[in-house]
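Mapping of the sequence shown onto our numbering: residues 22 to 218, in sequence order. Glycine is no exception: its CB is placed at the ideal position from the N, C-alpha and C atoms. In this text, all values refer to a predicted model and were calculated from it rather than measured experimentally.
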Amino acid sequence: MKALEKIIGIFRRFPGVGPKQAERFAMYVVRASAPEIENLVEALREVKASVKYCGECFNYAEGGLCSVCADSGRDRSSICVVERPQDLAAIEKAKSFSGVYHVLHGAVSPAEGMLPEHIKLQELVDRVKASDGGVKELIIATNPDADGEATAMYVTRLLKPYVPKITRIAYGVPLGGDIDYMDEVTLGYALKGRVKI
Ligand SMILES: [Zn+2]
Numbered sequence: 022m023k024a025l026e027k028i029i030g031i032f033r034r035f036p037g038v039g040p041k042q043a044e045r046f047a048m049y050v051v052r053a054s055a056p057e058i059e060n061l062v063e064a065l066r067e068v069k070a071s072v073k074y075c076g077e078c079f080n081y082a083e084g085g086l087c088s089v090c091a092d093s094g095r096d097r098s099s100i101c102v103v104e105r106p107q108d109l110a111a112i113e114k115a116k117s118f119s120g121v122y123h124v125l126h127g128a129v130s131p132a133e134g135m136l137p138e139h140i141k142l143q144e145l146v147d148r149v150k151a152s153d154g155g156v157k158e159l160i161i162a163t164n165p166d167a168d169g170e171a172t173a174m175y176v177t178r179l180l181k182p183y184v185p186k187i188t189r190i191a192y193g194v195p196l197g198g199d200i201d202y203m204d205e206v207t208l209g210y211a212l213k214g215r216v217k218i
């Protein structure tokens, strides 16, 4: 059963998938028709080939810019800094923010060997500098946990000379929680109640 074990092993590497679930996914693949499997393989290839980072904010994008950056109606003087593309998507759903984003792709965590140079932090500094004073506010929406706080501190320290107003989203969101698991209302309030740091 080498082939079956192999596919179970692959599904096990998916985030949040345990052994039982990996087995169920593998059984689905075994039972699926050949065209269904072809569709799956084709979809995987297509997403890998076409979805890249946005050239502006590092959100996922098909083509040069993501849908937020491609929208000329967004306020480019306000940048919301998030850890992951899922966080950006969650904040977009709350419909409380009309600015643009910057996705760091992680948080600084010295304990786990995640250093500032491992995330898109320098890219944020370069972007803000290139705007030549155009960025008036940075809203830091990293997760309210130790790594998120450490990251907020780094962002603040590096960007303070270039941005007049740096804010952190307000709590009222569960400590130790993940931004993308919060409901829209909570996130909306958190954004509205952000504080200057
Ligand atoms: Zn973008």
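- At a threshold of 7 Å, Glu-83 does not count as near ligand 1, since its beta carbon sits no closer than that to any of the ligand's heavy atoms.
- Counting every other CB atom within 10 Å of its CB across the protein chains shown gives Gly-85 a total below 16, marking it as exposed.
- For the set Pro-165, Thr-163, Met-22, Tyr-183, the Cα lying nearest the Cα of Gly-154 is the one of Tyr-183.
- Annotated three-state conformation of His-139 is helix, per DSSP.
- Taking every protein chain shown into account, the CB of Glu-77 has 16 or more other CB atoms within 10 angstroms, so this residue is buried.
- The straight-line gap separating the alpha-carbon atoms of Cys-101 and Ala-162 is approximately 7 Å.
- Short note on Leu-86: C-beta closer than 7 Å to some heavy atom of ligand 1.
- Excluding sequence positions up to five before and after Val-121, its CB lies within less than 8 Å of the CB of Glu-77, Cys-78, Val-89, Cys-90, Arg-95, Asp-96, Arg-97, Ser-99, Ile-100, Cys-101, all in the same chain and listed in chain order.
- Nearest to Leu-142 by alpha-carbon distance, out of Lys-69, Thr-172, Ala-115, Phe-118, is Thr-172.
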